[in-house]
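These notes are about the structure you will find just below.
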Amino acid sequence: MPFIIAIDGPAASGKGTIARALAAHFGFHHLDTGLLYRAVGAKGGDPAVAAQTLDAEDLARPDLRSAEAGQAASRIAAIPEVRAALLDFQHRFAAQEPGAVLDGRDIGTVICPDAPVKLYVTASDQVRAQRRAAELGADPVQMLAELQERDRRDRDRATAPLRLAEDAVVLDTSNLSITDAIARAVAAVDRARG
Ligand code: DC
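Sequential numbering of the sequence shown, starting at 4, is according to the numbering used here.
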């Protein structure tokens with residue numbers, strides 16, 4: 004049985020960094036599921052068709068990390084047909100030996116509800132805005148508004164909204180260095196593996 008680590012949390016919480024580090028530490032595969040939604044949003048046309056026909060080239064677009072791509076992703080992510088079209092790929096990814104780390108918004112609640120480790124990575128709005136602004140070379144005030152709008156949409160949508168799974172370990176990275184945040188995540192996984 005492959006081991007699954009499910010990581011969820013709001014934008015720029017540090018979940019991607021933690022997911023990559025865990026995958027490297029345990030020798031697991033890693034899927035940034037946000038990239039799937041970003042690629043669907045960037046592809047244009049009917050979002051459901053874009054999701055059904057998503058290919059490797061779509062995922063390699065250089066513009067997927069922009070704030071605009073994040074907003075577009077959040078908008079199309081509310082469409083149930085889009086989410087349904089991406090289910091199979093995520094399930095197959097999660098079934099790979101020896102294990103997989105998936106990060107997103109609904110991994111522990113919808114995609115892999117039986118994952119033995121669920122992390123909910125979060126940080127204050129201000130810290131997240133500052134991090135994302137530094138990463139993209141953008142204005143922190145504008146970033147804060149953008150992140151809050153995106154979080155609101157991701158939390159309030161009817162299908163697979165961002166929420167804390169009952170059995171998730173919460174990791175607030177507001178006052179943690181990257182090294183400390185990763186160490187805590189590794190410890191949570193080690194506990195679950197016995
Ligand atoms: O993780 P990210 O910021 O790259 O995600 C971009 C958007 O995609 C996010 O605002 C909502 C959507 N998303 C989602 O609905 N479900 C996921 N599992 C991952 C991302």
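The C-beta atom is built at its ideal place from N, Cα and C for all residues, glycine as well. Note that this is a predicted model, so its numbers are computed, not measured.
With a cut-off of 8 Å on the beta carbons, I'd call residue i and residue j a contact; round off their distance for me.
{"i": "A22", "j": "H33", "result": "6 Å"}
{"i": "G37", "j": "G107", "result": "6 Å"}
{"i": "Y123", "j": "A168", "result": "7 Å"}
{"i": "I24", "j": "R131", "result": "The amino acid occupying residue 24 in the given sequence is Ala; Ile does not appear at that position. Contact flag wrong, Cβ pair sits at about 18 Å."}
{"i": "V104", "j": "A26", "result": "5 Å"}
{"i": "A163", "j": "V113", "result": "5 Å"}
{"i": "P116", "j": "F6", "result": "Actually they are not in contact, since the Cβ atoms of P116 and F6 sit about 15 Å apart, beyond 8 Å."}
{"i": "A137", "j": "S177", "result": "At roughly 15 Å, the Cβ-Cβ gap does not stay under 8 Å, so A137 and S177 are not in contact."}
{"i": "A88", "j": "Q55", "result": "5 Å"}
{"i": "A70", "j": "L139", "result": "6 Å"}
Given 7 Å as the limit, tell me if residue i has its C-beta closer than that to any heavy atom belonging to the ligand DC.
{"i": "D157", "result": "yes"}
{"i": "D109", "result": "yes"}
{"i": "G198", "result": "In the structure displayed, the chain extends from 4 to 197; residue 198 sits before or after that span and is not available."}
{"i": "A118", "result": "no"}
{"i": "G197", "result": "no"}
{"i": "S77", "result": "yes"}
{"i": "T20", "result": "no"}
{"i": "R153", "result": "yes"}
{"i": "G37", "result": "yes"}
{"i": "R247", "result": "Given that the chain is displayed from residue 4 to residue 197, the structure contains no residue 247 and the question cannot be resolved."}
{"i": "G17", "result": "no"}
{"i": "G140", "result": "no"}
{"i": "A186", "result": "no"}
{"i": "G73", "result": "yes"}
{"i": "A9", "result": "no"}
{"i": "A80", "result": "yes"}
{"i": "A161", "result": "no"}
{"i": "A132", "result": "no"}
{"i": "A88", "result": "no"}
{"i": "A14", "result": "yes"}
What are the partner residues of residue i, as DSSP defines its beta bridges?
{"i": "V120", "result": "I8"}
{"i": "H32", "result": "A103"}
{"i": "V173", "result": "Y123"}
**Request:** Specify whether the region 145-153 and the region 71-91 touch according to this definition: at least 3 beta carbon pairs, one from each stretch, less than 8 Å apart.
**Result:** Enough Cβ pairs lie closer than 8 Å, so yes.
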